[in-house]
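**Student:** In the UniProt record's numbering, the protein residues as written are 1 to 287.
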Amino acid sequence: MQNTSNINLNDETFCKIRDLIYQLTGIFYSEQKKYLIETRLSKRLSDLNLANYEDYFYLLKYSAKQSDEIKELFNSITTNETSFFRDVPQLKVFEDDVLKEILKQIKESPVNYSKKIRIWSAGCSTGEEPFTLAIIIMEHLNEIPAGFSFEIIGSDISENALSSARKGIYGSYTLRNTEPRLIEKYFDKVDNEQFQVRNNIKNMVSFYNINLINFDSIKKIGNFDIIFCRNVIIYFNNDSKKVVISNLYDSLKKNGYLFLGHSESLHFISSSFKLVGFGKTPLYVKE
Numbered sequence: 001m002q003n004t005s006n007i008n009l010n011d012e013t014f015c016k017i018r019d020l021i022y023q024l025t026g027i028f029y030s031e032q033k034k035y036l037i038e039t040r041l042s043k044r045l046s047d048l049n050l051a052n053y054e055d056y057f058y059l060l061k062y063s064a065k066q067s068d069e070i071k072e073l074f075n076s077i078t079t080n081e082t083s084f085f086r087d088v089p090q091l092k093v094f095e096d097d098v099l100k101e102i103l104k105q106i107k108e109s110p111v112n113y114s115k116k117i118r119i120w121s122a123g124c125s126t127g128e129e130p131f132t133l134a135i136i137i138m139e140h141l142n143e144i145p146a147g148f149s150f151e152i153i154g155s156d157i158s159e160n161a162l163s164s165a166r167k168g169i170y171g172s173y174t175l176r177n178t179e180p181r182l183i184e185k186y187f188d189k190v191d192n193e194q195f196q197v198r199n200n201i202k203n204m205v206s207f208y209n210i211n212l213i214n215f216d217s218i219k220k221i222g223n224f225d226i227i228f229c230r231n232v233i234i235y236f237n238n239d240s241k242k243v244v245i246s247n248l249y250d251s252l253k254k255n256g257y258l259f260l261g262h263s264e265s266l267h268f269i270s271s272s273f274k275l276v277g278f279g280k281t282p283l284y285v286k287e
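And the structure:
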């Protein structure tokens with residue numbers, strides 16, 4: 001294994017790698033983020049015993065192992081900062097307004113809904129968000145009309161993140177916003193610092209490797225009643241945001257709901273959605 005501490009990423013090679021990442025994922029890194037790419041990819045150079053970043057770029061572009069290394073690239077550049085019950089005001093809108101409205105409409109006009117209400121957590125990282133949604137739904141299990149159920153899809157571009165999500169084992173820090181009664185009800189204690197999601201929650205969620213700028217990748221998971229894509233589009237430039245939002249729009253059923261991050265907006269990105277507000281929490285609806 002090579003020591004890469006003295007290997008620097010020059011501007012020319014940074015631009016090549018940056019442009020390749022953008023081409024593959026739609027995620028754009030400005031020159032100010034060069035240090036981030038250099039830091040996150042240095043371990044790959046070390047693991048592969050490469051002399052410089054130019055050799056790494058060549059491997060990504062032309063090597064017979066190209067496809068395998070692109071997966072490692074995605075694992076290296078993605079940010080996996082998340083937690084259970086993140087951004088409570090949005091989750092309260094989901095629980096108190098959106099979920100209740102859907103359950104009300106099912107009871108009043110069941111023929112207007114398929115028997116399975118589908119939710120997509122796009123860019124789910126290590127799975128905390130989709131499992132949070134499953135817990136919220138499970139808390140309302142007795143309100144779901146007979147014959148109806150909920151299915152949750154979690155997706156990410158990082159296979160490492162998805163592998164962790166499928167295991168469903170989490171440290172106590174990522175559960176810091178979770179009520180103790182919910183931890184006791186929906187998790188098994190592995191040791192003093194780790195908890196595993198119970199099967200009744202795990203069975204509600206399926207995980208897929210999805211590239212949000214590739215609609216062919218998205219089509220395989222079908223259409224949804226609700227999409228969560230929170231704190232994801234901040235990593236894209238405007239052109240890529242438009243592609244991602246268009247793909248999300250096409251993946252939503254009519255009158256479906258789109259949740260973005262609390263600081264994210266479709267302003268100058270898309271006028272296809274209707275903006276509805278619940279207090280300070282914006283929500284988008286496909287008309």
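From the three backbone atoms N, C-alpha and C, an ideal C-beta is built for every residue, glycine too.
Nothing here was measured: the structure is a model prediction, and the numbers come from that model.
1) Tell me, please, whether the CB atom of E108 is closer than 7 Å to any CB atom in chain C?
2) Are the region 96–113 and the region 185–203 touching by the rule of at least three beta carbon pairs closer than 8 Å?
3) In whole angstroms, give me the CA-to-CA distance for L227 and I119.
4) Excluding sequence positions up to five away, which residues of its chain have a Cβ less than 6 Å from the Cβ of L9?
5) According to DSSP, what are the bridge partners of I118?
6) When you compare only the Cα positions, how much space is there between P145 and K254?
7) Take H262 as the anchor and find which of N238, S272, V232 has the nearest alpha-carbon.
8) State the start and end residues of the unbroken alpha helix (DSSP H) segment that holds D135.
9) Using the DSSP secondary-structure output, state which residues sit across from I226 in a beta bridge.
10) How many angstroms separate the CA atom of K100 from the CA atom of Q194?
11) Looking at the structure shown, is I102 part of a helix, part of a strand, or coil, going by DSSP?
12) Identify, in the order they occur along the chain, each residue of the same chain with its Cβ nearer than 6 Å to the Cβ of E287, setting aside the five sequence neighbours on each side.
13) Roughly how many angstroms separate the alpha carbons of Q90 and Y62, rounded to a whole number?
14) My understanding is that D156 touches S125, with C-beta atoms under 8 Å, so please give their C-beta distance in whole angstroms.
15) Check whether the Cβ atoms of F57 and T13 sit closer than 7 Å, and answer yes or no.
16) Take the Cβ of E129 as the centre, count every other Cβ of all protein chains shown within 10 Å, and call the residue buried at 16 or more, exposed below.
**Tutor:** Based on what the coordinates show:
1) Going by chain labels, chain C is absent from the structure shown, which holds only one protein chain.
2) no
3) Sequence inspection shows Ile at residue 227; the Leu mentioned does not correspond to that position. Rounded to the nearest angstrom, the two C-alpha atoms are 6 Å apart.
4) E38, Y53
5) Note on identity: in this sequence residue 118 is Arg, with Ile being the wrong assignment. Looking at the DSSP assignment, R118 forms a beta bridge with E151.
6) 21 Å
7) V232
8) Contrary to the premise, residue 135 reads as Ile rather than Asp in this sequence. Its alpha helix (DSSP H) spans residues 128–138.
9) I119, Y257
10) 33 Å
11) helix
12) K274
13) 44 Å
14) 6 Å
15) yes
16) buried
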